[in-house]
Amino acid sequence: MNVLVIGAGIAGLSAARRLSETGVAATVLEARDRIGGRSWTDRDFAGFPVEFGAELIHGKSPEVNTWTWVEKLGLATWRWNKCDDSMIRTEDGGWLTMGEARSRSPELDMTRSWELGDVPDPRDDEDLGAYLKRIGFSPEQLRYVQRSFANAEGESMRFLNAKAHAQLFKDSDGEDDYSDFRILDGYDAYYLRLAQGLDIRLNRPVIDIDWRDGVTVKTVADDVFRADAAIITLPLGVLQSGRIQFDPPLPPSKQEALAGLKMGPVMKMVYLFDEHILDPSIGAIYARGNPPMWWSPSLGRENSPVVWTAFFTGDYARELLNLGEAAALQRGLDTLRAEVGKPALQYIKARWINWPEDEFALGGYSVCLPGHYDARDKLAAPTPPLYWAGEASAPHHLTAMVHGAYFTGQRAADEIMNRRRQS
Ligand SMILES: Cc1cc2nc3c(=O)[nH]c(=O)nc-3n(C[C@H](O)[C@H](O)[C@H](O)COP(=O)(O)OP(=O)(O)OC[C@H]3O[C@@H](n4cnc5c(N)ncnc54)[C@H](O)[C@@H]3O)c2cc1C
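Quick note: the sequence shown, position 215, residue 451 per this note's numbering, numbers continuous.
Quick look at the structure:
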């Protein structure tokens with residue numbers, strides 16, 4: 237049996253690795269000239285690994301599968317202690333550590349611990365903002381959820397399915413502020429190892445997938461690949477774009493899945509400075525302006541150049557996309573100047589990382605729209621000889637994350653092997 241894996245991001249690498257470990261021949265077709273997809277470690281910008289895509293491991297060992305590899309490879313990690321090393325600009329202009337802000341304000345604390353008490357469950361058709369309002373969140377709390385939680389989730393609250401998020405609140409152990417880790421050696425130390433020994437063909441943008449009798453895949457350059465089955469790990473944005481021709485067309489359940497999900501505009505701007513812009517023990521800023529979230533990949537490294545990364549999604553991203561690259565970079569600098577109180581702050585260089593307009597991503601990561609709670613399951617369901625993986629097809633609590641993408645790759649490979657055993 238042989239299998240084509242479309243896409244060499246984490247999901248594709250995970251699937252191909254699993255298949256090849258069990259003796260199934262897998263060929264990975266990747267459109268870009270590099271592997272990793274939305275995990276993209278840059279080593280030129282600052283002379284140390286700077287993440288242009290995925291940056292953190294969200295969660296601890298052993299629950300999160302990334303740790304298996306990080307520990308096996310002995311990679312150095314750094315834990316983001318948000319309570320002590322993150323500053324927040326409060327609405328009244330206060331400048332507090334996150335720990336101070338949380339202990340002074342129980343209302344703010346609730347938006348991070350998610351200990352909501354005895355509240356009604358959300359409906360499937362309810363968006364997150366409407367739900368939180370219904371259970372009594374104040375306008376100030378809602379604005380804070382928007383600039384912190386929803387910004388991290390990838391979209392503005394009106395696009396976030398409240399039911400999909402309520403489960404996250406229930407699962408939250410109040411430890412959210414202590415369970416994000418950076419791989420100091422770079423995410424690429426992980427995904428390059430994952431790829432070792434696999435048959436990966438770069439620069440092969442797939443445009444046509446014929447799944448009538450086995451699978452025949454055609455690339456832009458008219459290369460043709462045939463296999464018994466294929467695992468599709470294409471980003472949601474690419475699947476929705478209609479650029480890939482499926483023959484026969486995808487069934488209604490897949491069309492419903494694609495209509496029920498949305499690619500969040502998730503972006504970064506990365507700045508290099510010639511000196512510290514804050515006390516070097518401070519590694520993140522929750523800003524009042526746009527971009528609302530900043531962190532420094534320099535934190536936890538000895539004597540490294542000073543880099544700050546702005547992370548913005550949803551309406552924040554749309555606003556900066558409308559400005560365009562140069563004005564957005566300037567706007568970011570102005571926001572940072574105001575927050576750190578340095579009106580003359582200047583950067584050495586800056587980089588704008590535009591995932592929404594990246595032709596092989598067409599967005600940052602997926603969100604589930606109100607009214608479409610089942611969309612991820614529908615996207616994940618096998619349609620032999622096509623099998624489905626990729627972050628958008630992960631269960632709600634794993635989506636938009638590297639370890640979720642990895643899980644979907646393992647799942648799709650297992651589905652193929654189970655089917656082979658049964659036939
Ligand atoms: C800015 C940003 C920050 C993030 N931060 C984090 C974080 O801190 N922690 C975390 O866990 N996750 C984070 N994520 C999410 C994480 O990056 C993704 O969930 C994960 O990398 C997705 O992996 P994937 O394999 O599903 O998709 P992808 O990585 O997108 O892989 C799909 C592959 O398909 C390829 N492809 C596209 N079109 C074609 C075609 N026509 N033919 C062939 N190949 C094609 C793409 O080039 C890509 O390599 C972040 C994402 C972004 C954008």
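No residue lacks a Cβ here, since even glycine has one placed at the ideal position from N, Cα and C. Note that the structure is predicted; figures quoted are calculated from it, not measured.
In chain order, which continuous runs of the beta strand (DSSP E) of length 3 or greater are located wholly inside the segment 514–549?
-> Secondary structure in the segment 514–549: the beta strand (DSSP E) runs of 3 residues or longer, each lying completely within the stretch, are 520–522, 529–531, 542–549 in chain order.
Return the first residue and the last residue of the alpha helix (DSSP H) that Ile584 is part of.
-> Locating residue 584 in the sequence shown gives position 348, counting from the first residue. Where Ile584 is concerned, there is no enclosing alpha helix (DSSP H), given that its DSSP letter is neither H nor E.
Compute every distance between the C-beta of Met529 and the non-hydrogen atoms of ligand 1, then say whether any falls below 8 Å.
-> Your numbering for residue 529 matches position 293 in the sequence shown. No, since every heavy atom of ligand 1 falls outside the 8 Å radius drawn around the Cβ of Met529.
Hey, out of Pro285, Ser275, Glu327, His294, whose CA is closest to Gly660's CA?
-> As displayed, the chain neither begins before 237 nor continues past 659, which places residue 660 out of reach and without an answer.
For Asn387, collect the residues of the same chain with a Cβ closer than 8 Å to its Cβ; drop the 5 residues on either side in sequence, then sort them by chain order.
-> Here residue 387 refers to the residue found at position 151 when the sequence shown is read from its first residue. The residues are Pro528, Met529, Phe547, Phe548, Thr549, Gly550, Tyr552.
Taking buried to mean at least 16 other C-beta atoms within 10 Å of its own C-beta, is His512 buried or exposed?
-> For the purposes of this step, residue 512 is taken as the residue at position 276 of the sequence shown. Of the residues assessed, His512 falls on the exposed side of the cut-off, its CB having fewer than 16 other CB atoms within 10 angstroms.
Answer yes or no: the CB of Val442 versus the heavy atoms of ligand 1, is any distance below 8 Å?
-> Start at 1 with the first residue of the sequence shown, and residue 442 comes out as number 206. Yes, ligand 1 has a heavy atom inside 8 Å of this Cβ.
Hey, would you say the C-beta of Ala641 is under 8 Å away from at least one heavy atom of ligand 1?
-> Position 405 of the sequence shown, counted from the first residue, corresponds to residue 641. For Ala641, the distance from the CB to the nearest heavy atom of ligand 1 is below 8 Å.
Who are the near neighbours of Gly193 in its chain, counting only those whose CB is closer than 7 Å to its CB and skipping five residues on each side?
-> Because the chain is modelled from 237 through 659, residue 193 falls outside the range shown and cannot be assessed.
Would you report the Cα separation of Ala611 and Ala495, rounded to the nearest angstrom?
-> Translated into the one-based positions of the sequence shown, residue 611 becomes position 375. Translated into the one-based positions of the sequence shown, residue 495 becomes position 259. Going by the C-alpha atoms only, they are around 8 Å apart.
Helix, strand or coil for Lys454, going by three-state DSSP, please let me know.
-> As a working note, residue 454 is residue 218 in the sequence shown. Note: Lys454 maps to strand in three-state DSSP.
Have a look at Arg448 and Pro484 and give me their C-alpha separation to the nearest angstrom.
-> Position 212 of the sequence shown, counted from the first residue, corresponds to residue 448. Position 248 of the sequence shown, counted from the first residue, corresponds to residue 484. Approximately 7 Å, taken between the alpha carbons.
If you scan the segment 377–424 from start to end, which runs of the beta strand (DSSP E) of 3 or more residues do you find wholly inside it?
-> Correct list: 416–419.
When the distance is taken between beta carbons, is Leu556 closer than 9 Å to Ala425?
-> Locating residue 425 in the sequence shown gives position 189, counting from the first residue. Locating residue 556 in the sequence shown gives position 320, counting from the first residue. No, Cβ-Cβ distance for Ala425 and Leu556 is not below 9 Å.
Give the secondary structure of Phe281 by DSSP, where H, G and I count as helix, E and B as strand, and everything else as coil.
-> Within the sequence shown, the letter at position 45 stands for residue 281. Phe281 sits in coil when the DSSP states are folded into three classes, being neither helix nor strand.
So is the beta-carbon of Pro487 under 8 Å away from any non-hydrogen atom of ligand 1?
-> Within the sequence shown, the letter at position 251 stands for residue 487. No, since every heavy atom of ligand 1 falls outside the 8 Å radius drawn around the Cβ of Pro487.
Sort Arg554, Ile521, Arg537 by Cα distance to Thr545 and report the nearest one.
-> Residue mapping note: residue 545 aligns to position 309 of the sequence shown, counting from 1. Ranked by Cα distance from Thr545, the first of Arg554, Ile521, Arg537 is Ile521.
Return the bridge partner residues of Glu287 from the DSSP annotation.
-> If you number the sequence shown from 1, residue 287 lands on position 51. In DSSP, Glu287 forms a bridge with Thr277.
Touch test, the segment 341–356 against the segment 600–608, Cβ-Cβ under 8 Å, three pairs minimum | Short answer: they don't touch.
Hey, quick one: how far does the alpha helix (DSSP H) through Gln481 stretch, first residue to last?
-> By 1-based counting over the sequence shown, the position of residue 481 is 245. Here Gln481 belongs to no alpha helix (DSSP H); instead the beta strand (DSSP E) covers 481–483.
Hey, Met637 and Glu651 are a contact pair by Cβ (cut 8 Å); roughly how many whole angstroms apart?
-> Numbered from its first residue, the sequence shown carries residue 637 at position 401. Numbered from its first residue, the sequence shown carries residue 651 at position 415. Contact flag wrong, Cβ pair sits at about 21 Å.
So Leu615 packs on Leu497, CB below 8 Å; how close in whole Å?
-> The count along the sequence shown starts at 1 and reaches residue 615 at position 379. The count along the sequence shown starts at 1 and reaches residue 497 at position 261. Confirmed, about 7 Å.
My guess is that Asp435 and Val264 are in contact by the Cβ rule of under 8 Å, so how many angstroms apart are they, rounded?
-> For the purposes of this step, residue 435 is taken as residue 199 along the sequence shown, with counting starting at 1. For the purposes of this step, residue 264 is taken as residue 28 along the sequence shown, with counting starting at 1. Confirmed, Cβ separation roughly 7 Å.
Under a CB-based cut-off of 9 Å, is Ala402 close to chain B?
-> In the structure shown, chain B cannot be found, because there is only a single protein chain.
May I have the straight-line CA-CA distance separating Lys296 from Asp345, to the nearest angstrom?
-> The residue given as residue 296 occupies position 60 in the sequence shown. The residue given as residue 345 occupies position 109 in the sequence shown. C-alpha separation (whole angstroms): 22 Å.
Supposed contact pair Arg325 and Asp363 - C-beta distance, whole angstroms, cut 8 Å = Counting from 1 along the sequence shown, the entry for residue 363 is found at position 127. Counting from 1 along the sequence shown, the entry for residue 325 is found at position 89. With 8 Å as the limit, Asp363 and Arg325 do not qualify as a contact, their Cβ atoms being about 26 Å apart.
Measure the C-alpha to C-alpha separation of Leu622 and Phe417 and round it to an integer number of angstroms.
-> If you number the sequence shown from 1, residue 622 lands on position 386. If you number the sequence shown from 1, residue 417 lands on position 181. Going by the C-alpha atoms only, they are around 35 Å apart.
Delimiting residues of the beta strand (DSSP E) encompassing Tyr623 | To locate residue 623, count along the sequence shown from 1; it is residue 387. For Tyr623, the enclosing beta strand (DSSP E) begins and ends at 622–624.
Comparing alpha-carbon positions, which option in Glu336, Val442, Arg315, Gly390 lies nearest Met735?
-> The displayed coordinates of the chain run from 237 to 659. Any statement about residue 735 would go beyond what the structure contains.
Are Phe281 and Val506 close, meaning C-beta to C-beta below 9 Å?
-> On the sequence shown, residue 281 is found 45 positions in, with the first residue counted as 1. On the sequence shown, residue 506 is found 270 positions in, with the first residue counted as 1. Yes, Cβ-Cβ distance for Phe281 and Val506 is below 9 Å.
Smallest Cα separation from Gly607: which of Ala493, Gly330, Gly478?
-> Your numbering for residue 607 matches position 371 in the sequence shown. Gly607 has its Cα closest to that of Ala493, out of Ala493, Gly330, Gly478.
Alpha carbon to alpha carbon, what distance is there between Tyr414 and Thr304?
-> On the sequence shown, position 68 is the one that residue 304 refers to. On the sequence shown, position 178 is the one that residue 414 refers to. Spanning the two alpha carbons is a distance of roughly 19 Å.
CB-CB length for Leu581 against Arg573, believed under 8 Å | If you number the sequence shown from 1, residue 581 lands on position 345. If you number the sequence shown from 1, residue 573 lands on position 337. Rounded, the Cβ-Cβ distance is 5 Å, consistent with contact.
Quick one: give me the first and last residue of the beta strand (DSSP E) that Gly473 is part of.
-> Position 237 of the sequence shown holds residue 473. Not the beta strand (DSSP E): Gly473 falls in the alpha helix (DSSP H), residues 472–477.
Which same chain residues, not among the five before or five after Ile518, have their C-beta less than 7 Å away from its C-beta?
-> Residue numbering aside, residue 518 sits at position 282 when the sequence shown is read from its first letter. The answer, listed in chain order, is Asp321, Met323.
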